[in-house]
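Chains as they are written, first to last, in the working numbering: chain A, 139 to 413; chain B, 4 to 401.
The C-beta atom is built at its ideal place from N, Cα and C for all residues, glycine as well.
Encoded as structure tokens, the structure appears first; notes follow it.
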């Protein structure tokens, strides 16, 4: 499959949006671990926003960033959400209540417990009646999301926004499923080259067994390994380097290849060509 | 869209194990709902529980996956010679060329609910027997099914609440179109758990009687569990008469509310129109509509407006949830398979439990079975978050 990336949204610890993260991801500025800050945003009314957990706020913020950079209208874009974990804080609350006498689950907690809660809030906030979907593929959730979003943009001809996010579970679940960081990435994908295209991606599933491409910085590598959505970091590092000498030298354009772990003995190979 | 053939399918629902049991129950107008006897649940409601799962473990060599949801998946895979059909497809295409795309809303979280009762009083630690990846994890069921069927293609779980296992048909069609696989196992598995029973109860959406879709006095859903699987592939050039095709998928969002449908069914209407457009059909072509028809005040009113606005009041329609209960993440595939049976056997099933059709609803709701040729069926599935999906199945390749 060949698709194009128009824009990126990113939030993670010490990664506060695409513009301020580019130099860090390209390796030309140091990565400094810092507490995650999700910008408030004005998509949801304050009362509604208060009822939502970290995954919803994170997904909305990165989705908005990517779409703003591509200068598109969110209400026209189908959206693919991918997450391994869902909203662990909300789940923990429900399971805790269900283990006690009375079993009083709050209605808001319950409707927020669906895996597609971020996609529901997204369509409400952006007033988008375009299709949204919500996927899970354990550690390969970002890869599954990239595949789904790519097939969607190729099938429909529409731009599609991919929004992948994960956040650590609270205890007791954290011990059973440790996730190392709160991290989200959004990409606006198109099937055809546009005047805003950053890069072309050549995507294929292969039976090769190459090691997954790491990211150079040790702090970011720990986030990549421990957070399914952050498996995207090596791709983001290449996108951040598109205008640097690593990729584009005066006399030639160098392509970069990234291998992602996938499932069932497969890997996903992505070759990035600068636009 | 390019039509895809439903080469094989299998279903375990409260109506029974296998498509023959399903068809017999539909023909007899028999409901699979009974008063709630699930674990120590103390709600006054009716459920569609699959009996015997407690004594039907997952495959021994995959014991780490053992949980109610994967047990239900296993039982489903054992019906209707489904694994044999998949084995033949594996021979044709190769194991890495067949995808697995399944829907679930709650996966194996019953295990987590029970594990929370056994937390260490000092540390809060979950018992060592708890395996997150193979039970609770949203992806667990696709992982298990891929292992059981010895497949190695692309796989994922779609979890969009009650539209999950309808939307997988769209994903599979796009994957096949993109050349990432030649065939796909699509379907869904959702099993009873406390989160959904108490959660829907907290929203006031659970009926104390077997659910009565489209009834003037309808007062909520009855929750059930099911596993359904379909082998979907490009149509063979000489596929015989009687084979059922997936002709269209339409998807949309309500952009209205997390747990209440758009009051005029605007999102539902978009999904229906999208499916018709994808199939290249007009509303007049549709012989029967299998409604989402949950039996809540708001769903049935909104869906009726959507259906009436597209079809007018003459196209026969019904909800089979009075028979099966609301199967949540398995509802889409269950009703797709029921729709396929309707096409194969010329049946339009009347809706059960409904006594007085709500006079405010204008669609042609069937209360009794009708036996006549059925060429094209529309099946609706709508979920929390305003997530809508409509499928069109038909008897001929176009």
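Evaluate residue i with the Cβ neighbour count: other Cβ atoms within 10 Å of its Cβ, from every protein chain shown; 16 or more gives buried, anything less gives exposed.
i	result
residue 153 of chain A	buried
residue 90 of chain B	exposed
residue 215 of chain A	buried
residue 171 of chain A	exposed
residue 362 of chain B	exposed
residue 175 of chain A	exposed
residue 173 of chain A	exposed
residue 33 of chain B	exposed
residue 344 of chain A	exposed
residue 27 of chain B	exposed
residue 42 of chain B	exposed
residue 1 of chain B	Residue 1 of chain B cannot be examined here, being either before or after the span of chain B that is shown, 4 to 401.
residue 160 of chain A	buried
residue 170 of chain B	buried
residue 286 of chain A	buried
residue 240 of chain A	exposed
Give me the chain B residues within the contact set of residue i, using Cβ-Cβ distance strictly less than 8 Å, ordered along the chain.
i	result
residue 332 of chain A	Near residue 332 of chain A there are no residues of chain B at all, since even the closest Cβ is about 20 Å away, more than 8 Å.
residue 358 of chain A	What residue 358 of chain A touches in chain B: nothing, since even the nearest Cβ is about 24 Å away.
residue 306 of chain A	Ordered by position in chain B, no residue passes the 8 Å Cβ test against residue 306 of chain A, which lies about 13 Å from the chain.
residue 313 of chain A	128 and 129
residue 295 of chain A	None at all; the shortest Cβ gap to chain B is about 12 Å.
residue 257 of chain A	163, 256, 388 and 390
Which bits of chain A does residue i rub up against, with CB to CB less than 9 Å?
i	result
residue 247 of chain B	Within 9 Å Cβ-Cβ: nothing; residue 247 of chain B doesn't reach chain A, min ~22 Å.
residue 180 of chain B	289, 292 and 293
By the criterion of Cβ-Cβ separation under 7 Å, what are the contact partners of residue i in chain A?
i	result
residue 345 of chain B	Here the premise fails: no neighbours, minimum Cβ distance about 26 Å.
residue 256 of chain B	261, 266, 267, 268, 269 and 270
residue 62 of chain B	Those do not exist, as residue 62 of chain B stays about 17 Å from chain A at its closest Cβ, beyond 7 Å.
Can you name the residues of chain B whose CB is closer than 7 Å to the CB of residue i?
i	result
residue 309 of chain A	127
residue 232 of chain A	198
Just the C-alpha distance for residue i and residue j, rounded to the nearest angstrom, thanks.
i	j	result
residue 284 of chain B	residue 309 of chain B	17 Å
residue 166 of chain B	residue 167 of chain A	45 Å
residue 23 of chain B	residue 13 of chain B	10 Å
residue 178 of chain A	residue 199 of chain A	8 Å
residue 393 of chain A	residue 412 of chain A	7 Å
residue 370 of chain A	residue 298 of chain A	17 Å
residue 401 of chain B	residue 247 of chain B	Low confidence applies to residue 401 of chain B: its pLDDT is 41, below 50, so where it sits in the model is not reliable, and the reading given next is rough at best. Roughly 12 Å between the two C-alpha positions.
residue 210 of chain A	residue 279 of chain A	25 Å
residue 365 of chain A	residue 100 of chain B	28 Å
residue 208 of chain B	residue 381 of chain B	25 Å
residue 301 of chain A	residue 281 of chain A	12 Å
residue 327 of chain B	residue 51 of chain B	6 Å
residue 146 of chain A	residue 207 of chain A	8 Å
residue 150 of chain B	residue 60 of chain B	15 Å
residue 204 of chain A	residue 324 of chain A	6 Å
residue 288 of chain B	residue 329 of chain A	33 Å
residue 356 of chain A	residue 140 of chain B	28 Å
Residue i and residue j: beta carbons closer than 8 Å?
i	j	result
residue 118 of chain B	residue 104 of chain B	no
residue 296 of chain A	residue 163 of chain B	no
residue 394 of chain B	residue 343 of chain B	no
residue 216 of chain B	residue 270 of chain B	no
residue 114 of chain B	residue 21 of chain B	no
residue 46 of chain B	residue 204 of chain B	yes
residue 9 of chain B	residue 86 of chain B	no
residue 258 of chain B	residue 195 of chain A	no
residue 367 of chain A	residue 307 of chain A	no
residue 186 of chain B	residue 131 of chain B	no
residue 275 of chain A	residue 401 of chain A	yes
residue 256 of chain B	residue 267 of chain A	yes
residue 245 of chain A	residue 206 of chain B	yes
Identify the contact partners of residue i in chain A, using a Cβ-Cβ distance below 8 Å as the criterion.
i	result
residue 160 of chain B	273, 274 and 275
What residues from chain B crowd round residue i, counting only those whose CB sits closer than 9 Å?
i	result
residue 403 of chain A	99 and 155
residue 370 of chain A	Ordered by position in chain B, no residue passes the 9 Å Cβ test against residue 370 of chain A, which lies about 16 Å from the chain.
With respect to 7 Å, is the separation between the Cβ of residue i and the closest non-hydrogen atom of the ligand PLP below this value?
i	result
residue 37 of chain B	The model on display carries no ligand, and the ligand PLP is accordingly not part of it.
Output, in sequence order along the chain, the residues in the stretch 335 to 366 of chain A whose CB is closer than 8 Å to any CB in chain B. Result list: 343 and 345.
Pull out every residue of the stretch 165 to 177 of chain B whose Cβ sits closer than 7 Å to any Cβ of chain A, in chain order. 170, 174 and 177
According to a CB-to-CB cut-off of less than 9 Å, which residues of the stretch 127 to 147 of chain B neighbour chain A? Contact annotation: in the stretch 127 to 147 of chain B, residues whose CB is within less than 9 Å of a CB in chain A are 127, 128, 129, 133, 134, 135, 136, 139, 140, 141, 142, 143, 145 and 146.
Would you list, in chain order, the members of the stretch 185 to 204 of chain B that have their beta-carbon closer than 7 Å to a beta-carbon of chain A? 197, 198, 201 and 202
Between the stretch 277 to 290 of chain A and chain B, which residues of the former have a C-beta closer than 7 Å to a C-beta of the latter? Residues passing the 7 Å Cβ filter: 282, 285, 286, 289 and 290.
Any C-beta of chain B within less than 9 Å: which residues of the stretch 244 to 255 of chain A qualify? 244, 245, 246, 247, 248, 249, 250, 251, 252, 253, 254 and 255
Going along the stretch 103 to 120 of chain B in order, which residues come within less than 7 Å of chain A, judged by CB to CB distance? 108, 115, 116, 119 and 120
Residues of the stretch 64 to 91 of chain B with a CB closer than 9 Å to any CB of chain A: list them in chain order, please. none
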